[in-house]
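In the working numbering, the protein residues as written are 238 to 568. Built from N, CA and C at the ideal position, the CB exists for glycine as well.
Structure representation (structure tokens):
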């Protein structure tokens, strides 16, 4: 019996060591793939920073022009205009938010599910960090500045039927870079601005945006029309899905992409192993259309995200340029 127990003990000890080695191997595989993907994403964000700070994005130029005009002609909005002007630099909320999310990626996941979630987060950061996509998103800052001008400054990328409303609306409501939906004691969700952006509440009379009423009206913003399915973290995407599902209206129906992403979130881990290789195989297929003079160079440097960033806002560079020309020619 002692001999049998000894064999059993040796067997279980050997099995435990083998299991630990297998788990360690999986962990190393996850860490290696995530490290490579994070490095590619960091490289793309570094390139984006260069494009922003060298003012190679058309909407960066418009933000500077619009902010200076509002600051000089509308003293009541001067502080807000100068705050929004920061979005035309890499010190803005949007770009800094991408860096923060990248730095929070856990390169040593303890499970396949966690590895899949981290992979998805890196994909979302990469999509938002493509310079075409990023330039498109800045249209919301441009249009928010335009809303302070009493119609003097043109809104961009807005259908003709919606321009009158866009001239009076804050296009940043709903964008997780600047605030978030918070549930009040009455059970209703309202928009709460982050940090310095709380000054919006002061210049707009202290009125709150309640999700139920806000979502029942059309909103022509890049984030809410197109970007909410790929801009923001995975938790932002799921939060928006739940809000739109609980407050249904024809203006905020979850898109097919969001439904699919939400529905398959629990099964992504089974697809984790192939995600990096698929991403790498698409890395040379970056978008050929750009928002800056350096877009052609960036298409080879961008990861797989570039080709997915095109949307109805893909013409943002052209419309931004025409808006800029009309602005310079006499407003």
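What residue from 366, 284 and 330 has the CA that sits closest to residue 409's CA? Per the Cα distances, 330.
To the nearest angstrom, how far is the alpha carbon of residue 319 from that of residue 305? Near 8 Å, if we compare the C-alpha coordinates of residue 305 and residue 319.
Using a threshold of 9 Å, state whether the C-beta atoms of residue 393 and residue 376 are closer than that. It is a contact, given that the beta carbons lie within the stated cut-off.
Can you give the Cα-Cα distance for residue 384 and residue 322, rounded to whole angstroms? Each residue's alpha carbon lies about 15 Å from the other.
Under a three-way DSSP split, which group does residue 447 fall into? In the three-state reduction of the DSSP assignment, residue 447 falls in the strand class, which pools E and B.
Between residue 415 and the rest of its own chain, which residues show a CB-CB distance below 7 Å, the 5 nearest in sequence each way excluded? 330, 409, 430, 431 and 434
The beta strand (DSSP E) that contains residue 416, what's its start and end? 416 to 420 is the extent of the beta strand (DSSP E) around residue 416.
Verify whether the separation of the beta carbon atoms of residue 413 and residue 468 is less than 9 Å. yes
Just checking, does the segment 330 to 347 make contact with the segment 358 to 368 on the three C-beta pairs under 8 Å criterion? yes
In the DSSP output, what is residue 430 paired with across the bridge? 416
Could you check the C-alpha separation between residue 463 and residue 369 for me, to the nearest Å? Distance between the alpha carbons of residue 463 and residue 369: 13 Å.
Closer than 6 Å by C-beta to residue 457: which residues in its own chain qualify, once you throw out the five before and the five after it? Chain order, please. 395, 399 and 403
Please state whether DSSP places residue 330 in a helix, a strand or coil. helix
Taking residue 343 as the reference, which of 267, 411, 294 and 447 has the closest Cα? 267
Determine whether the beta carbon atoms of residue 428 and residue 480 lie at a separation below 9 Å. no
Residues near residue 297 in its chain [Cβ-Cβ closer than 7 Å; skip 5 each side]: 289, 325 and 375
Rounded to the nearest angstrom, what separates residue 333 and residue 327 at their Cα positions? 7 Å
So, for residue 514: in the same chain, excluding its five sequence neighbours on each side, which residues have a beta-carbon less than 6 Å away from its beta-carbon? The predicted position of residue 514 is uncertain, since its pLDDT is 36 and thus under 50; a value taken from the coordinates is nonetheless stated next. Nothing meets the Cβ criterion.
Residue 345 classed as buried or exposed, judged by whether at least 16 other C-beta atoms fall within 10 angstroms: exposed
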